[in-house]
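First the structure, in the form of C-alpha cells, and then the observations on it.
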Amino acid sequence: MASPVSDIREERRGAVAWITFDRPAARNSFTKAMYADLRELCGRLAADDAVRVVVFQGRGEDAFVAGSDIASVGEIRTREDAQAYEAHVEATLGAVERLPKPTIALIRGVAAGGGAALALVCDIRVAAENARFGVPIARTVGNTLSLLNVARMVEVLGPATTKELLFTAELVDAPEAHRRGAVSAVLPLAEIERYVSDLAGSLAANAPLTLRTSKLAVLASLDARRAALGPRNEIVELAYLSEDFREGTTAFLEKRKPVWKGR
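According to our numbering, numbering within the sequence shown proceeds without interruption in unit steps and concludes at 266.
This is the structure we're talking about:
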C-alpha cells in the first residue's frame, strides 16, 4: 500500500514495513518536508505493534538518498536558521535511530551526505554492488556535519576513517564500505531485495521484546558516551554562516565548481 506521505511510500509485507524514498528525479534527496514526513511516519511505525521490522530504501537503482536538497539548505542565512535546520534534521535522524524495532537500510547507488547519515542511524546496512558512500561536503557545498552525526560516523567507522572520508570528500564503493565496517553485506543488484526480505523476515520471527530491549540497551550505552559532546552549535555555525557556504550552495545550483576562500 502507498502511504499518503509525500515523496515517501510505505508498503507492508507481513510484519515488515518497507519505506521507499520516492524522489528519483532528484536522486531521492531529502527536502525539509520529507524530513518532517519521515519523522511523523516513524512515530506511527513505533506505535504499531503489527510492525516488527522496518526496511528503508530509495526508489530506483541510482540512489538510496543523495543528500539533503540543496535548495532547502541554501535558505540558511542566520545563526537561528542554521540551528533550526540542524534541529529539524536531527529530530528525524533521532526518530529513525530510536525506532523501538530493528531497522535495515537497503542501499542501492549513492548514499551521500544526509543520505549517509540516514543510513548510519539504521541498525543494519546492506549494500548493492553499485552502492557508494561518503560525505562530499568539503568539495560541494562547504557546510559541516553536526557533532552528533560525526559521533555516529566515529562509532561505526572509527576516527581515522571518519576523518579520511570528511577530508577527501570522496565516495567509497560497496566493497570498501564493507571492509571498513559500514555495511554488513554486499549483494548483486538482482539479489539484494530478496536477501533483505529474508533477513527482515528472520528478525521479525524473533522475540519482539528482546529485540526492543536489546536496542534500548545499545542506545543507552551510546547516549552515555555522547552526553559529553554538548550542543557545540558554534562549530556548525562557523561553516553555515561563512562566505564559503554561500559560494558552495550557489555554485552547486549553478552547476559549476566552487571557489573556496576559507572564510
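Where is the CB? At the ideal position from N, CA and C, for every residue including glycine.
- Per DSSP, the continuous alpha helix (DSSP H) segment holding T216 begins and ends at P211 to R229.
- Contact check between the stretch 205-219 and the stretch 92-111: three or more CB pairs, one atom from each, fall below 8 Å, which counts as touching.
- Note on the stretch 83-141: whole alpha helix (DSSP H) runs with a minimum of 4 residues are 117-123, in chain order.
- In the three-state scheme derived from DSSP, where H, G and I count as helix and E and B as strand, V262 is classed as coil.
- For L150, the enclosing alpha helix (DSSP H) stretches over residues L150 to L160.
- When the beta-carbon positions are compared, I238 and T147 come within less than 8 Å of each other.
- Going by DSSP, R12 is part of the beta strand (DSSP E) stretching over I11 to R16.
- By the neighbour-count criterion, in which 16 or more other beta carbons inside 10 Å mark a residue as buried, V175 falls on the buried side.
- Going by DSSP, F24 is part of the beta strand (DSSP E) stretching over V19 to F24.
- Between the alpha carbons of E100 and A154 lies a gap of roughly 13 Å.
- Collapsing the DSSP output to three states places S205 in a helix.
- Of all alpha-carbon atoms in A141, S187, L190 and V186, the one lying nearest the alpha-carbon of E167 is that of A141.
- With respect to the 8 Å criterion, L48 and V54 are classified as neighbours on the basis of their beta carbons.
- Residue environment analysis places V199 among the buried positions, since at least 16 neighbouring C-beta atoms fall within 10 angstroms of its C-beta.
- Residues D247, F248 and G251 of the same chain have their beta carbon placed closer than 6 Å to that of G145, with the five preceding and five following residues left out of the count.
- Counting along the chain, the unbroken beta strand (DSSP E) around F67 starts and ends at A66 to V68.
- The alpha-carbon separation between P191 and I127 amounts to approximately 17 Å.
- At a cut-off of 4 residues, the continuous stretches assigned as alpha helix (DSSP H) that sit fully inside the stretch 158-202 are 162-171 and 177-182.
- Listed in chain order, the non-local C-beta contacts of A203 below 7 Å within the same chain comprise V19, V56, V58 and I107, local neighbours out to five positions each way being set aside.
- For V58, the uninterrupted beta strand (DSSP E) run begins and ends at V56 to G61, by DSSP.
- With a beta-carbon spacing of about 4 Å, V186 and A130 fall inside the 8 Å limit used to define contacts.
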